[in-house]
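Remarks on the structure that follows.
Numbering (my numbering), first residue to last: 1 to 386.
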């Protein structure tokens, strides 16, 4: 059955691919985006594309902008795809009076987004599937002295001569991750003013999973290894990774948490085959790009598994100079570009103009292009309206 769907987050390649998938199912699509220039700005997949208020500048106005679009176009389903999901989750109650927001309310979704709280959800529940990395949370807003931090380390068996991963509880793209020995972390954390997660450093293959769930039932699942990335962050080449135990863990996690929406995990698999979940992203990730652009018939008691080899073609070009040329060319020949669409060609060129816009604005603000790409939608645990 065809329905009216409002997507947000038109800046992301994964969102565009998601829209292509939905269009294949013959749904009618609309887009709401707070960046003035973005990947989907001229796409013909959408009946109408709206420029809305930046959610972290005025969350109330943002929600009201969405409600107006929902009412004007009789939207049935609202699918947030990027970090604006947390602002939509904050407005879950008013939005749900007019359509179905495809996410959890803020209180629940925060448990998965916060890198420390997520680890706590794993304890005692998934012993047959995963190992849990030793993790502690330190709020440096409340604990600033080196003596206090040292006592926390001692109480939680953080060794001074061992290297740990340290990152803000709310962070993205791996841009704020630091690797330091325990004694170095004491000095580092004493100068910070936010909530930090200190986690044991696990060696192994970096994996990502992605799933779509509805009321505790997994509907779609994909997994891939992060071999080709831009810096420490976004993966740009996606090849299916098969691991039954990993797949069963994701399914079990969704069932235990009665989860609705999109959910993705970053994990590490050791040489011994042990799987360590590291982070959770309760939103669209590039795992959506592994589902084929064909008509899907939903199976009541099963789920769709992503099997496509795909890539962000322009971004992959940079790897030709930094990795084995022949191997990278072979991979690119075998994979489909998630952005190129001969029936919607403007988007391919808009990936260039939208990136140049981010570069220009980031230079003006003296921040990285990564930071600029989420500046207007970031949510770092703030409660209350803006």
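In this text, a Cβ means the ideal position worked out from N, Cα and C, and glycines have one as well.
In terms of CA proximity to residue 181, 159 leads the group 127, 159, 36. Taking 8 Å as the cut-off, the beta carbon of residue 140 is found closer than this to the beta carbon of residue 194.
Take residue 54, set aside five residues on each side of it, and the residues of its chain with a beta-carbon closer than 6 Å to its own are 34, 376, in chain order.
Taking 3 residues as the minimum length, the beta strand (DSSP E) runs contained wholly in the segment 257 to 300 are 261 to 269, 275 to 281, in order along the chain. Judged by DSSP secondary structure, residue 373 falls outside any beta strand (DSSP E) and instead within the alpha helix (DSSP H) spanning 369 to 374. For residue 30, the uninterrupted beta strand (DSSP E) run begins and ends at 28 to 33, by DSSP. Distances from the CA of residue 378 to each of 82, 135, 282, 243 were compared; the closest alpha carbon is that of 82. Collapsing the DSSP output to three states places residue 94 in a helix. In the same chain as residue 373, and ignoring 5 residues on each side of it, the C-beta atoms closer than 8 Å to its own belong to 11, 358, in chain order. A Cβ-Cβ separation of about 5 Å places residue 135 in contact with residue 199 under the 8 Å criterion. For the pair residue 322 and residue 111, the Cα-to-Cα distance works out to about 38 Å.
Within the segment 70 to 137, the runs of beta strand (DSSP E) at least 3 residues long that lie entirely inside it are, in chain order, 77 to 79. DSSP, reduced to helix, strand and coil, places residue 383 outside both helices and strands of the structure shown, so it counts as coil. When secondary structure is reduced to three states using DSSP, residue 143 falls in the coil class, being assigned neither helix nor strand.
For residue 196 against residue 288, the beta-carbon gap comes to about 30 Å, at or over 8 Å, which does not count as contact. Residue pairing for residue 240: DSSP places it in a beta bridge opposite 224. Short of 6 Å from the beta carbon of residue 336, and not among the five residues preceding or following it, lie these beta carbons of its own chain, in chain order: 310. When the beta-carbon positions are compared, residue 215 and residue 279 stay at least 8 Å from each other. Taking 8 Å as the upper bound for CB-CB distance, residue 306 and residue 222 are in contact here, some 3 Å apart. Under the three-state reduction of DSSP, residue 248 is assigned to helix. Within 10 angstroms of the beta-carbon of residue 50 lie 16 or more other beta-carbons, which makes it buried. When the five nearest sequence neighbours on each side are left out, the beta carbons in the same chain lying within less than 7 Å of the beta carbon of residue 125 are those of 256, in order along the chain. When only Cα atoms are considered, residue 243 and residue 131 end up about 15 Å apart. Using a Cβ-Cβ distance cut-off of 8 Å, the segment 343 to 351 and the segment 35 to 46 are in contact, since at least three pairs of beta carbons, one from each stretch, lie closer than that value. For residue 198, the secondary structure class from DSSP, reduced to helix, strand or coil, is strand. DSSP lists no bridge partner for residue 159. Taking C-alpha positions only, residue 113 is separated from residue 252 by approximately 18 Å.
The straight-line gap separating the alpha-carbon atoms of residue 87 and residue 80 is approximately 9 Å. Note that the C-beta distance between residue 265 and residue 208 is below 8 Å. For residue 349, the enclosing alpha helix (DSSP H) covers residues 346 to 365. CA-to-CA, the gap between residue 281 and residue 324 works out to about 31 Å. Residue environment for residue 179: exposed (fewer than 16 other C-beta atoms within 10 angstroms of its C-beta). Residues 4, 30 of the same chain have their beta carbon placed closer than 7 Å to that of residue 73, with the five preceding and five following residues left out of the count. The alpha-carbon of residue 246 is positioned some 10 Å away from that of residue 274.
With respect to the 8 Å criterion, residue 268 and residue 204 are classified as neighbours on the basis of their beta carbons.
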